[in-house]
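*Asks:*
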Amino acid sequence: MIKKISPAQSLRGSITPPSDKSISQRAAIFSLLHEGSSVIKNYSEAEDPQSTLSCIEQLGAKVDRWGDKLQITGTGRNGIQRPYEDLDCGNSGTAMRLLSGVLAGSGVQAKLCGDESLSNRTMKRIIEPLESMGAHILARNSEFAPLMVSRNEPLRAIDYTLPIPSAQLKSCILLAGLFGKEPTRVVETVPSRDHTERILGLKQQKIEGETYIYSSLDDEIPAQNYTVPGDFSAASFWIVAGSVIPGSEILIRNVGLNPSRTALLNILRRMGANIEIGNQRTEGSEPVGDLVIRSASLTGTRIEQDIIPNCIDELPILSVAMLFAKGESIIMGAGELRHKETDRLMAIGEMLDSASATYQEYEEGIIIKGSPDHKYRSGLFKGFSDHRIIMASAILALKANKESHVMDYEKAAVSYPGFFEDLASLSVAGS
Ligand code: S3P
Numbered sequence: 012m013i014k015k016i017s018p019a020q021s022l023r024g025s026i027t028p029p030s031d032k033s034i035s036q037r038a039a040i041f042s043l044l045h046e047g048s049s050v051i052k053n054y055s056e057a058e059d060p061q062s063t064l065s066c067i068e069q070l071g072a073k074v075d076r077w078g079d080k081l082q083i084t085g086t087g088r089n090g091i092q093r094p095y096e097d098l099d100c101g102n103s104g105t106a107m108r109l110l111s112g113v114l115a116g117s118g119v120q121a122k123l124c125g126d127e128s129l130s131n132r133t134m135k136r137i138i139e140p141l142e143s144m145g146a147h148i149l150a151r152n153s154e155f156a157p158l159m160v161s162r163n164e165p166l167r168a169i170d171y172t173l174p175i176p177s178a179q180l181k182s183c184i185l186l187a188g189l190f191g192k193e194p195t196r197v198v199e200t201v202p203s204r205d206h207t208e209r210i211l212g213l214k215q216q217k218i219e220g221e222t223y224i225y226s227s228l229d230d231e232i233p234a235q236n237y238t239v240p241g242d243f244s245a246a247s248f249w250i251v252a253g254s255v256i257p258g259s260e261i262l263i264r265n266v267g268l269n270p271s272r273t274a275l276l277n278i279l280r281r282m283g284a285n286i287e288i289g290n291q292r293t294e295g296s297e298p299v300g301d302l303v304i305r306s307a308s309l310t311g312t313r314i315e316q317d318i319i320p321n322c323i324d325e326l327p328i329l330s331v332a333m334l335f336a337k338g339e340s341i342i343m344g345a346g347e348l349r350h351k352e353t354d355r356l357m358a359i360g361e362m363l364d365s366a367s368a369t370y371q372e373y374e375e376g377i378i379i380k381g382s383p384d385h386k387y388r389s390g391l392f393k394g395f396s397d398h399r400i401i402m403a404s405a406i407l408a409l410k411a412n413k414e415s416h417v418m419d420y421e422k423a424a425v426s427y428p429g430f431f432e433d434l435a436s437l438s439v440a441g442s
C-alpha cells in the first residue's frame, strides 16, 4: 500500500514512542523460562513482539492480557513443551535467533519459520555455534529458515568469541548456555546491546576491552515484573526529524536510554543537534528519560566501525540527518546492514536516490554529500517492505517541496504501529 506524505513546515508537539521491541521480546522469552508468573506492563503491540508472544504460547507459556499488562505463566527451563505447529517468527530475526537458542538448550524439537524477508536472512551465524553445543539444525541450503532445531546428544558448554558484534547471536548462545551444567562463556570484543545480560543479571567480567559473559543452569531466571520503556530506535525518527525540520520542537516521553543503544544521541550532538534529556530514571534494569528536540544546523560527521552496533538500527534515519548536514558524512564498517530485513545499504542508497541526493555506496558503508538547503521536488520511496527504511523515507518525504509517496507503509507496524498517526499529529503543514 502507498502513503502520501505532504511536506511539513515544522514538527511540534509531544509523543510517546511504542514500547521497546528488543526488551519486549526478551521479556516474553525470559517469562517462558521462569517457572511461575511474570507481569509485564507496556508490552509492545508491534508485529515482531506479537510474533514472539505467539511462539512462547506454543512452547507452553500461558498469556493473559489485562489492559496494558500481560501476565505470563512460564513453564520454567524443564517444562517447555514441544509445539504442535511451526513457530512462526514473522519478520523477526530476534525471535528466530533467540528462540533457536532456547530450543537448542532445552532439547525441545521444533521448526521455526518466518516471512519472505526473514527466510532470506542467513542463520549460519547461530547454526555453527549451536551445533558445537550439541544441537542439530536442519536449514534450507544449510543456512536459511525454516530451521528444524533438535538435540540428541548432551548439551556442551562452549567458550565462544563472537565473530560479529551481534546481540541476537550473543543472546542466542547465552540462552542455550542457561541449560548447561557447566558455564558457557561468550566473549564480546565490540559491545552490542546488553538487554539480555542486564535483565537476567548474568555474570560478566571486563578485561582489557573485552567483555566475558557467562550463563549456566546455576543462573536463576527472575520473574519479569517491570514496565517496558519506550523504544529508542522508534524515537530516533523524531529525534532526527525535529533536528532537520526548521522551527520544530518535539517532546518525546518515556524513551529507553540504555547506553548500548543510544550512540545516535552522541553522533547527532557532535553534528550540532539540540537535544535535552530530562526526567532520567530506571525501569526494571533499564535507564529511561524524556527528550526535547529542537531544530538545529547540522554538520557532517564520520561514523566508525566500533560504534556501529550501538546505532545499527538508526543508520537509515541517520543517513537522512546526514543529507541535511553541511559537508560530507561517512558511515564505515557497516556491512551488517546488508543482512537486515532488507539489504539496508542498498535501500538507503535507493532512498537517497529518490530524494535526488549525491552519495557513494560501498560494500561496507556509504558517503553522503549533505547540505542544509538540499531541495527536491517530490519522491517515490520504495520502502522495500522494511519498517526502518519506510519510516526513514517518510521523514525524508517531509522535506520535499511537494507531496511524496512511500510504498509498503503498513510494514512500519513491525516495530511502530502508530508511526503515521504520530507523524500526522506532529506535522505543521507547509504554506
Ligand atoms: C536486536 C539486535 C540487532 C538489531 C535488531 C534487534 C536484538 O540485530 O538490529 O533490530 O533485539 O537483539 P543484530 O544482533 O543481528 O545486529
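Here the sequence shown is numbered in this note's numbering, starting from 12 and rising by one per residue. Cβ coordinates follow ideal geometry from the N, Cα and C atoms, glycine included.
1) Is G289 closer than 8 Å to G267 when the C-beta atoms are compared?
2) I need the straight-line Cα distance from Y237 to V50, nearest angstrom please.
3) Straight-line CA distance for R280 to I323?
4) Tell me which residue opens and which closes the alpha helix (DSSP H) that K410 is part of.
5) Which partner residues does H147 have in the DSSP bridge list?
6) Determine, using beta carbons only, whether L185 and V197 come nearer to each other than 8 Å.
7) Considering just the uninterrupted stretch of the alpha helix (DSSP H) at K32, what are its terminal residues?
8) Taking DSSP as the reference, what is the three-state secondary structure of F431?
9) Indicate whether the contact test is met: 3 or more Cβ pairs, each with one atom in the segment 248-262 and one in the segment 59-75, closer than 8 Å.
10) Looking at S396 and D364, is the spacing between their C-beta atoms short of 8 Å?
11) Only counting the same chain, and skipping five residues up and downstream in sequence, which positions put a Cβ closer than 7 Å to that of F190?
12) Suppose the cutoff is 8 Å on Cβ atoms and the five residues either side in sequence are ignored; what does the same chain contact list for S442 look like?
13) Taking the straight line between their C-alpha atoms, what separation do you get for K80 and N53?
14) Closest by CA to G338, which one among H385, Q61 and F243?
15) Run the CB neighbour count on D59, radius 10 Å, all protein chains shown included, and call it buried at 16 or more, exposed below.
16) Which one or two residues does DSSP pair with M418 in a beta bridge?
17) Under 8 Å, with one C-beta from each stretch per pair, do the segment 391-407 and the segment 342-362 reach the 3-pair mark?
18) Please state the DSSP three-state secondary structure of L276.
19) Can we count Q36 as close to the ligand S3P, meaning its CB is less than 7 Å from some heavy atom?
20) Between A252, K122, A435 and V239, which lies nearest to L334 when the distance is taken from Cα to Cα?
21) Among L123, F155, G145 and L180, which residue has its Cα nearest to the Cα of N163?
22) For A121 and L129, which I take to be in contact (beta-carbon distance under 8 Å), what is that distance rounded to the nearest angstrom?
23) Helix, strand or coil: which one does DSSP assign to A121?
24) Going by DSSP, name the residue or residues bridged to K351.
25) What three-state label does DSSP hand Q179 in the structure shown?
26) Flag P29 as yes when its Cβ comes closer than 7 Å to any non-hydrogen atom of the ligand S3P, and as no otherwise.
27) Drop a sphere of 10 angstroms on the beta-carbon of E297, count the other beta-carbons inside from all chains shown, and report buried for 16 or more, exposed for fewer.
28) Nearest-angstrom Cα distance between P28 and R313?
29) Between which two residues does the beta strand (DSSP E) carrying T172 extend?
30) Helix, strand or coil, according to DSSP, for K135 in the structure here?
31) Put L334 into one of helix, strand or coil per three-state DSSP.
32) May I ask you to list the residues that DSSP assigns as paired with W6?
33) Using only CA atoms, which one of E154, E142, M159 and K192 lies nearest to Y171?
34) If you drop the 5 nearest sequence neighbours on each side, which residues of the same chain put their C-beta closer than 8 Å to that of T133?
35) Need the endpoints of the beta strand (DSSP E) that D75 sits in, please.
36) How many angstroms separate the CA atom of D354 from the CA atom of I148?
*Replies:* In short:
1) no
2) The straight-line gap from Cα to Cα measures roughly 7 Å.
3) 17 Å
4) Element bounds for K410: n/a, residue is neither H nor E.
5) S161
6) yes
7) Element bounds for K32: K32 to L44.
8) In this structure, F431 counts as helix in the three-state DSSP scheme.
9) no
10) no
11) In the same chain as F190, and ignoring 5 residues on each side of it, the C-beta atoms closer than 7 Å to its own belong to R88, G116, S117, L166 and L228, in chain order.
12) With a pLDDT of 48 at S442, under the threshold of 50, the modelled position of that residue is not reliable, and no figure is offered here.
13) Taking the straight line joining both Cα atoms gives about 6 Å.
14) H385
15) buried
16) As DSSP reads the structure, M418 sits in a beta bridge with I13.
17) Yes: the two stretches touch, three or more of their Cβ pairs being nearer than 8 Å.
18) helix
19) Q36: yes, Cβ under 7 Å from the ligand S3P.
20) That would be A252, whose Cα lies nearest to the Cα of L334.
21) G145
22) Not quite, the Cβ-Cβ distance comes to about 16 Å (not below 8 Å), so this is no contact.
23) strand
24) DSSP lists no partner for K351.
25) helix
26) no
27) buried
28) 28 Å
29) D170 to T172
30) helix
31) helix
32) It is not possible to answer for residue 6, since the shown part of the chain is limited to 12 through 442.
33) E142
34) Around T133: E154, F155 and H350.
35) K73 to W77
36) Those two C-alpha atoms are separated by around 25 Å.
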